[in-house]
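A.B. asks: Have a look at the structure that comes next, please.
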Amino acid sequence: MTHSPISKEYHPDLIIEEAKNGWRIVRLNRPKSLHALDESIVSALLAVFEDFHTDDSVKAIWLDSTTPKAFCAGGDVRKLRQLVINDEVATANKFFEQEYALDLLLHNYAKPVLVWGEGYVMGGGLGLFMAAPFRLVTPYSRLAMPEINIGLYPDVGATRFLADRGAIGLFTGLTGSIMTAAGAYGIGWATHICDAQRAAVLDKVINIDWNHYPAGDFRAIDDTLNSMHRPVGPGPLQNSLDVIQSVCRGVSFESDYESIIGLSDARSDWLRQASENLQKGSPTTAALTWLLWQWGKQVHSWNEVFELETQISDWKIRHADFVEGVRARLVDKDLAPAWQQNGKINLKNIFVDNPPVTTIESWNELLKQYEII
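Under UniProt numbering, the first residue of the sequence shown carries the number 1, and numbering increases by one thereafter.
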């Protein structure tokens, strides 16, 4: 099936095609970095989606990547780390601003967007994925917010989409646990599981006859995808729900932290891995994730969420744990980060010298509530 490339060149690593029935196909094409996002590509995607939003000839958009190994493994954190080291924090912040503007646009988008989330869907990739109304996974999908490992924090809207999932969201944020298609569908991160080939699914949606659906384009796509949805058996997440509810109470950071670490002798490999991730991860990231989950449980618009995350990201990349975490995992790959830690792990100790204060009153109130400021 051939689609014609659109005439406007947005970015060398984006493939953008016009298909029939008002469809547009947008493909990330950075296979070497598992389609990692940097400022140039998020700015280009923002321009694409803004143009399509106002173009009456565009009915719906299919977003994927050129390889089945990953939709998008996240932001290019190595590049961000280098900017921080070079004292170019303002340039690093520009990446977050553009990325969050793209996520925000997609959360408020008036036209249907489908994301084919095959392979790795992590970090910034999961942010894009979660911003679309139609989120497809395959039996080979692996979804996570693994920022605990690199000393960043679950951003790109995770402040709200983790909080929306209660204890499960808190657990996945604190541990960076990887979710299979079953888990992602079970907690509503994915809307459909497809075991058909991408080309077959794409062909089916592109051939939707919009005129058959008086209830509108979203209903047309939903019905078509429902006919292709194939449930799979429970994954490690579903098998661990009772344990997750018992270790993540969301009342005290210290007790949640200790309880998850205590899963080191759990029967399930998945739970043991979760415990290890948190134990070896950045304490500052863990504490910040827990506080953001508390804030996210209050009702906030996406605008407010991204406004807070913009300020928190500026704070977090200046924190020593970010540069050190990326070094240990992705640069030197010694997996032995020297995290900043003052004695016993508790909220007050972690933020004693450097609280993440913002201009957002409801966040600062939360910091006061936990005696951080």
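The C-beta atom is built at its ideal place from N, Cα and C for all residues, glycine as well.
#1: Just checking my contact of K368 with W210 at CB under 8 Å: how many whole Å lie between their CB atoms?
#2: For the segment 303-313 against the segment 343-362, do three or more pairs of beta-carbon atoms, one drawn from each stretch, fall closer than 8 Å, so that the two count as touching?
#3: How would you call E147, buried or exposed, if buried means at least 16 neighbouring beta carbons within 10 angstroms?
#4: For the beta strand (DSSP E) that contains A60, what are its first and last residues?
#5: Give me the Cβ distance between G124 and L37, rounded to the nearest whole Å; I'm assuming they're in contact under 8 Å.
#6: Mind pulling the alpha helix (DSSP H) runs of 4 or more residues that sit fully within the segment 135-203?
#7: Hey, how far is the Cα of V137 from the Cα of V113?
#8: Exposed or buried, what is N226 when buried is set at 16 or more other beta-carbons lying within 10 Å of its beta-carbon?
#9: Which residue's Cα is closest to the Cα of E18: V48, S240, V42?
#10: What would DSSP say about L114, mapped onto helix, strand or coil?
#11: Under a three-way DSSP split, which group does I16 fall into?
#12: Which residue spans inside the segment 319-355 form an unbroken alpha helix (DSSP H) run of at least 4?
#13: Sorted by chain position, which residues of the same chain lie with C-beta nearer than 7 Å to M130's C-beta, five sequence neighbours on each side aside?
#14: Where does the unbroken alpha helix (DSSP H) through V89 begin, and where does it stop?
#15: Relative to the C-alpha of N21, which candidate in W270, V251, I221 has its C-alpha closest?
#16: Residue range of the beta strand (DSSP E) that W23 falls in?
#17: Does the beta-carbon distance from F306 to L104 come in below 7 Å?
#18: Span of the beta strand (DSSP E) holding Y120?
C.D. replies: In terms of the structure at hand:
#1: As a working note, residue 368 is residue 368 in the sequence shown. As a working note, residue 210 is residue 210 in the sequence shown. Between K368 and W210, the beta carbon gap of about 52 Å keeps them out of contact (Cβ cut-off 8 Å).
#2: With the cut-off at 8 Å, the segment 303-313 and the segment 343-362 touch.
#3: Counted from its first residue, the sequence shown places residue 147 at position 147. Buried: at least 16 other Cβ atoms inside 10 Å.
#4: Mapped onto the sequence shown, residue 60 falls at position 60. Element bounds for A60: 60-65.
#5: Numbered from 1 along the sequence shown, position 124 holds the residue referred to as residue 124. Numbered from 1 along the sequence shown, position 37 holds the residue referred to as residue 37. Confirmed, about 5 Å.
#6: Entirely contained in the segment 135-203, the alpha helix (DSSP H) runs reaching 4 residues are, in chain order, 158-161, 166-175, 181-186.
#7: On the sequence shown, residue 137 is found 137 positions in, with the first residue counted as 1. On the sequence shown, residue 113 is found 113 positions in, with the first residue counted as 1. Going by the C-alpha atoms only, they are around 14 Å apart.
#8: Counted from its first residue, the sequence shown places residue 226 at position 226. Burial call: exposed.
#9: Within the sequence shown, the letter at position 18 stands for residue 18. Comparing C-alpha distances from E18 to each of V48, S240, V42 shows the shortest one belongs to V48.
#10: Working through the sequence shown from its first residue, we reach residue 114 at position 114. Correct three-state label for L114: strand.
#11: Mapped onto the sequence shown, residue 16 falls at position 16. I16 falls in the strand class under three-state DSSP.
#12: With a minimum length of 4 residues, the continuous alpha helix (DSSP H) runs that stay inside the segment 319-355 are 320-326, 347-350.
#13: As a first step, residue 130 is located in the sequence shown; it is residue number 130 there, counting from the start. Its chain contains G157, F161, W189 as the residues whose beta carbon lies nearer than 7 Å to that of M130, once the 5 sequence neighbours on both sides are disregarded; these appear in chain order.
#14: The sequence position of residue 89 within the sequence shown is 89, counting from 1. Unbroken alpha helix (DSSP H) run through V89: 89-107.
#15: If you number the sequence shown from 1, residue 21 lands on position 21. Among W270, V251, I221, the Cα nearest to that of N21 belongs to I221.
#16: Along the sequence shown, one-based indexing puts residue 23 at 23. Here the beta strand (DSSP E) through W23 covers 23-28.
#17: As a first step, residue 306 is located in the sequence shown; it is residue number 306 there, counting from the start. As a first step, residue 104 is located in the sequence shown; it is residue number 104 there, counting from the start. Here F306 is near L104, since their CB atoms are less than 7 Å apart.
#18: As a first step, residue 120 is located in the sequence shown; it is residue number 120 there, counting from the start. Membership of Y120 in the beta strand (DSSP E) is indicated by the continuous run 120-122.
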